Amino acid sequence: MAQKITKREQDYSQWYLDVVKEAKLAEHSPVRGCMVIRPNGMGLWENMRQGLDNMFKETGHENAYFPLFIPKSFLSKEAQHVEGFAKECAVVTHSRLKSVDGGVEVDPDSKLDEELIVRPTSETIIWDTYRSWVQSYRDLPILINQWANVVRWEMRTRLFLRTMEFLWQEGHTAHATEEEAIAETEQMLEVYRSFAEDFMAMPVITGRKTESERFAGAIETYCIEALMQDGKALQAGTSHFLGQNFAKAFDVKFQDKDGEHKLVWASSWGVSTRLIGGLIMTHSDDQGLVIPPKLAPTQVVIVPIYRDDEQRTNVLEYGDSIFEELKKLGIRVKLDDRDNYKPGFKFAEHEATGIPLRIAIGPRDVENGNVELARRDTLTKNIESRDGIGVMVKDLLETIQVDLFETAKKRRDEMTSEVDSYEEFKKVLENKGGFIYAHWDGTSETEDRIKEETKATIRCIPLTQGKPGNCMVTGKPSEQKVLFAKAY
RNA sequence: CGGGGAGUGGCGCAGCCCGGUAGCGCAUUCGCUUUGGGAGCGAAGGGUCGCAGGUUCAAAUCCUGUCUCCCCGACCA
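Count the first sequence with our numbering and you get residues 237 to 724, in order.
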């Protein structure tokens with residue numbers, strides 16, 4: 237069989253690109269650093285979006301939409317925020333073009349009085365709006381989410397993991413009290429953890445970011461960190477407690493029960509199409525993409541096999557009855573009745589695109605009342621009885637969902653180490669990679685030194701408290717071990 | 001933005017050193033045979049060689065500039 241995908245051990249980056257390409261998820265666009273998301277990729281994102289959106293609704297959030305453009309002056313109102321994003325903004329300076337011998341050029345007369353920034357994130361434009369929405373404690377909380385695209389002018393891009401324009405959701409909430417805003421921040425982190433693990437079957441570590449990794453303008457940044465198959469970490473989602481920073485910057489105050497005017501407390505949280513990259517690097521193999529059943533646009537594909545028209549008629553009739561049965565059970569099923577491809581080609585293609593289950597049916601099966609059931613995750617095949625196939629498939633999809641998580645978790649755990657000395661830390665990092673738990677004295681100096689010397693960063697300070705000890709570098713006291721890794 | 005590699009039919013590549021007017025595999029179209037792991041044979045269509053200059057009788061090939069992509073750094077979801 238022709239191997240179209242580079243082996244993972246051989247060249248992980250190339251393997252990743254091959255999987256994206258063979259699964260028809262996305263491709264580079266003519267615009268530098270941007271990508272075209274193909275129907276397969278969009279279908280996957282839409283399912284992720286739906287899963288997340290339901291969870292947001294269940295926790296009392298509503299969707300809204302704010303402008304793509306942010307006046308430059310808005311961005312500069314919160315000092316840390318502007319510092320964090322200033323270096324990577326797309327700026328609109330003019331409003332029209334004019335024709336010049338055959339071509340067009342920017343019309344200098346159309347220069348804007350105030351430049352517009354293409355949103356890199358929407359805190360500023362949203363908090364400027366919130367000012368007019370909030371007068372009384374009765375107007376709070378505001379629990380808003382928006383699905384949008386944002387632009388960050390990145391130097392180096394990678395499909396899904398880091399593109400200049402990406403799709404995401406950003407939640408922006410406003411609260412009367414600090415406790416409530418913190419509770420919201422933590423709740424949304426839990427939503428992300430649950431989505432990553434229960435839908436994406438991607439195990440994550442939840443924790444807090446160190447000061448240097450914190451979101452620009454946040455008091456505290458919480459995150460979920462996943463480990464990819466090559467031993468590098470991926471920040472998969474963040475939830476920020478913003479304190480009163482944006483309320484201060486945009487003068488968002490409310491009159492409380494006690495009659496006092498107070499600043500509003502804030503949170504913001506987001507996940508992006510980067511999750512698709514995480515999904516790929518968590519489950520996929522040398523045959524291509526592997527998608528957990530809950531997110532798969534197509535969960536089951538039926539491939540008919542036949543030699544002549546008579547067999548074709550019989551097999552397709554048989555396939556149709558299975559198709560209808562699965563469809564009635566709410567399973568996303570496709571019957572691949574394309575006549576111009578042979579079964580072997582279809583098998584390979586459906587594996588590359590990550591369809592969790594394949595049902596192959598030929599004349600033999602029609603005669604014996606069987607089907608061949610093949611699992612994408614394990615690449616195993618079994619002959620099963622046609623009777624009761626619906627229930628069996630439904631159960632099997634659930635099994636695959638669980639198995640994918642368990643397999644990924646086992647791999648993650650095997651690639652997770654705990655060390656007590658800096659020497660050991662360096663050795664593990666070099667030979668094995670993966671997550672490494674180690675004591676750290678809590679200073680940015682030590683963090684920077686470790687990063688400079690080893691390229692590993694503190695992914696998070698895990699929420700599950702560990703035992704106190706001494707920093708592996710300086711020997712100073714440490715409250716708990718923190719999570720290190722090289723990161724994407 | 002620094003270091004390295006690469007841009008040639010839709011995709012993957014050869015040709016470049018040593019200039020002479022473009023080729024291979026896959027894909028596409030048509031025909032026949034095929035169909036339980038990426039089909040076979042025959043025929044056909046498709047490229048101003050990333051772009052812009054320059055050298056030359058002649059440029060995919062040499063020179064200059066420029067854009068883009070990939071890998072490694074710095075930055076980041």
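Glycine included, C-beta positions come from ideal geometry on N, C-alpha and C.
These figures come from a predicted structure and were not determined experimentally.
Going by beta carbon distance, what residues of the same chain come within less than 6 Å of residue i, once the five residues before and after it are set aside?
| i | result |
| --- | --- |
| residue 237 | In this prediction, residue 237 scores a pLDDT of 36, lower than 50, which makes its location untrustworthy; the coordinate-derived value is nonetheless stated afterwards. Here the set comprises nothing. |
| residue 460 | 428, 429, 432, 440, 442, 472 and 473 |
| residue 521 | none |
| residue 366 | 410 and 488 |
| residue 228 | No answer is possible for residue 228: the residues shown for the chain start at 237 and end at 724. |
| residue 645 | 439 |
| residue 466 | 248 |
| residue 542 | 548 and 551 |
What residue from the options has the CA that sits closest to residue i's CA?
| i | options | result |
| --- | --- | --- |
| residue 422 | 387, 328, 295 and 498 | 295 |
| residue 525 | 327, 720 and 615 | 615 |
| residue 250 | 550, 715, 516 and 648 | 516 |
| residue 387 | 305, 298, 340 and 703 | 305 |
| residue 398 | 470, 349, 620 and 293 | 470 |
| residue 271 | 321, 396 and 589 | 396 |
| residue 286 | 412, 720, 532 and 391 | 532 |
| residue 511 | 248, 259 and 281 | 281 |
| residue 463 | 408, 359, 519 and 703 | 519 |
| residue 655 | 699, 707, 687 and 548 | 707 |
| residue 602 | 546, 258 and 589 | 546 |
| residue 677 | 694, 405, 665 and 415 | 694 |
| residue 709 | 659, 493 and 724 | 659 |
| residue 302 | 336, 384 and 327 | 384 |
| residue 228 | 483, 444 and 496 | Missing from the structure shown is residue 228; the chain here goes from 237 to 724 and no further. |
| residue 618 | 606, 626, 624 and 627 | 606 |
| residue 690 | 322, 662 and 651 | 662 |
| residue 571 | 577, 564, 558 and 578 | 558 |
| residue 544 | 575, 604, 514 and 495 | 575 |
| residue 355 | 322, 600, 335 and 374 | 322 |
Output needed for residue i: all residues of its chain with C-beta closer than 8 Å, excluding positions within five of it in sequence on either side, in chain order.
| i | result |
| --- | --- |
| residue 573 | 540, 552 and 555 |
| residue 372 | 490 and 491 |
| residue 481 | 314, 316, 317, 453, 454, 455 and 502 |
| residue 416 | 377 and 501 |
| residue 499 | 480, 483, 484, 488 and 489 |
Cutting at 7 Å between CB atoms, please list the residues of its own chain near residue i, excluding the five before and the five after it.
| i | result |
| --- | --- |
| residue 629 | 536, 562, 567 and 593 |
| residue 641 | 433, 437 and 439 |
| residue 364 | 310 and 486 |
| residue 586 | 537 and 594 |
| residue 529 | 535, 592, 633, 636 and 637 |
| residue 252 | 516 and 517 |
| residue 448 | 680 and 683 |
| residue 333 | 340, 341, 342 and 343 |
| residue 413 | 501 |
| residue 269 | 390, 393, 399 and 400 |
| residue 588 | 258, 259, 523, 524 and 525 |
| residue 620 | 606, 607, 609 and 628 |
Compute the distance between the beta-carbons of residue i and residue j, then report whether it is under 8 Å.
| i | j | result |
| --- | --- | --- |
| residue 595 | residue 608 | yes |
| residue 446 | residue 476 | no |
| residue 712 | residue 673 | no |
| residue 265 | residue 403 | no |
| residue 308 | residue 353 | yes |
| residue 670 | residue 657 | no |
| residue 331 | residue 312 | no |
| residue 719 | residue 692 | no |
| residue 263 | residue 241 | no |
| residue 479 | residue 407 | no |
Can you round the beta-carbon distance between residue i and residue j to whole angstroms, since I take them to be within the 8 Å contact cut?
| i | j | result |
| --- | --- | --- |
| residue 452 | residue 319 | 6 Å |
| residue 370 | residue 376 | 7 Å |
| residue 261 | residue 244 | With 8 Å as the limit, residue 261 and residue 244 do not qualify as a contact, their Cβ atoms being about 17 Å apart. |
| residue 698 | residue 714 | The Cβ separation is near 13 Å, so there is no contact. |
| residue 468 | residue 723 | 6 Å |
| residue 405 | residue 288 | 6 Å |
| residue 360 | residue 348 | Between residue 348 and residue 360 the Cβ distance is about 17 Å, and since that is not below 8 Å, they are no contact. |
| residue 351 | residue 327 | 5 Å |
| residue 613 | residue 639 | 6 Å |
Should residue i be listed as close to the ligand MN, given that the test is whether its C-beta is under 7 Å from any heavy atom?
| i | result |
| --- | --- |
| residue 588 | Absence of the ligand MN from the depicted structure is noted, as is the absence of any ligand whatsoever, leaving it without description. |
* **3 or more residues per run - each beta strand (DSSP E) lying fully within the stretch 591–657** => 593–597, 606–611, 617–621 and 652–654
* Runs of beta strand (DSSP E) lying entirely within the stretch 508–579, each at least 3 residues, in chain order -> For the beta strand (DSSP E) assignment, the uninterrupted runs of no fewer than 3 residues enclosed by the stretch 508–579 are, from N- to C-terminal side, 536–540 and 569–571.
* **Segments of 4+ residues assigned as alpha helix (DSSP H) that fall wholly inside the stretch 275–361** => 275–294, 308–311 and 315–321
* Minimum length 3: unbroken beta strand (DSSP E) runs contained in the stretch 384–451 -> 401–411 and 441–444
* To do: Go through the stretch 661–706 residue by residue and report every complete run of the alpha helix (DSSP H) that reaches 4 residues or more, in order.
  => List check, alpha helix (DSSP H) in window: 680–690.
* If you scan the stretch 443–501 from start to end, which runs of the beta strand (DSSP E) of 3 or more residues do you find wholly inside it? -> 456–463, 469–479, 489–491 and 497–499
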